[in-house]
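S.K.: Numbering (this note's numbering) for the sequence shown: 3 to 207.
My questions all concern the structure below.
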Amino acid sequence: MQNAKDDEAEYRILSSKTLYQSVETLDLRGNILTPDMLAPIKKFCSVNNLNLSGSLTDLLDDANDFYTFEDCLKTLNISCNRLKKSFLCFLNRFKNLEEFIAADCNFDSGFMSYLESVKPLNKSLKKIDITGNRVDIFDIIGLRVFENLESIAITLNSKVVSDYLEIHVSPFCANLKVLTLASVYVDEIIFKLIMLHSNIVIQSL
Numbered sequence: 003m004q005n006a007k008d009d010e011a012e013y014r015i016l017s018s019k020t021l022y023q024s025v026e027t028l029d030l031r032g033n034i035l036t037p038d039m040l041a042p043i044k045k046f047c048s049v050n051n052l053n054l055s056g057s058l059t060d061l062l063d064d065a066n067d068f069y070t071f072e073d074c075l076k077t078l079n080i081s082c083n084r085l086k087k088s089f090l091c092f093l094n095r096f097k098n099l100e101e102f103i104a105a106d107c108n109f110d111s112g113f114m115s116y117l118e119s120v121k122p123l124n125k126s127l128k129k130i131d132i133t134g135n136r137v138d139i140f141d142i143i144g145l146r147v148f149e150n151l152e153s154i155a156i157t158l159n160s161k162v163v164s165d166y167l168e169i170h171v172s173p174f175c176a177n178l179k180v181l182t183l184a185s186v187y188v189d190e191i192i193f194k195l196i197m198l199h200s201n202i203v204i205q206s207l
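And the structure:
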């Protein structure tokens, strides 16, 4: 009963028309996103920062839906959701997205091919967090598509890095400034990767 009351209260807040043009940051992390809640969310025309971490965002995966903030959204956080790789095609509607956070979404290796297909991201994306997801060499190489990518947070293993180093002797991206390695055991191979990126900021989580 309490959950039903909470959902009703959230719906009333989201349905407040006075907020539609003024709210720039919409933080719904940890809330269960129901179809009733989704309807008013689409009307927040000034949102540039949307946090849907742990909010079951597979409900968003409808190509026919329209969101009034599609052109102004800069940051999207969908971390801690269990999503299919195909969900990433949803990003195609956001023309100016600069930061994409998709940590711990249980994506299998190969998911980067879906991101590569989102053409607006090729130029707009500057920061990406894909820690806690499985990646292979093709996912890493796929990062090169994003021309202005400056910051990458990623989880890697030595096998994937070894495969990469056999082919490339250059950093992941031409404009990379910050590389964050999460839950990575630093052995000889990982150390070689770090040295390859020695002219940028390396962080470890």
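Built from N, CA and C at the ideal position, the CB exists for glycine as well.
Identify, in the order they occur along the chain, each residue of the same chain with its Cβ nearer than 6 Å to the Cβ of N51, setting aside the five sequence neighbours on each side.
M.R.: If we look at N51 and ignore the five residues flanking it on each side, its Cβ neighbours are T27 and T77.
S.K.: Here's the rule: buried if 16 or more other CB atoms are within 10 angstroms of the residue's CB, otherwise exposed. What is N135?
M.R.: Counting Cβ neighbours within 10 Å, N135 comes out buried, since at least 16 surround it.
S.K.: Which class does A41 belong to by DSSP, given the choice of helix, strand or coil?
M.R.: Helix at A41.
S.K.: Shortest alpha-carbon distance to G112 belongs to which of N201, S126 and L145?
M.R.: When only C-alpha atoms are compared, the closest one is L145.
S.K.: Closest to A105 by C-alpha separation, out of T157, L167 and L30, would be which residue?
M.R.: Residue T157 is the option with its Cα nearest to A105.
S.K.: Does the distance from the C-beta atom of E101 to that of K125 stay below 8 Å?
M.R.: For E101 and K125, no; Cβs fall outside 8 Å.
S.K.: Shortest alpha-carbon distance to V171 belongs to which of N53, I43, I196 and C107?
M.R.: Ranking N53, I43, I196 and C107 by Cα distance to V171 puts I196 first.
S.K.: Going by DSSP, what residues sit across from F109 in a beta bridge?
M.R.: According to DSSP, which records beta bridges pairwise, F109 is partnered with nothing at all.
S.K.: One question on the structure: do S57 and N94 come within less than 8 Å of each other, judged by their Cβ atoms?
M.R.: The answer is no: Cβ separation not under 8 Å.
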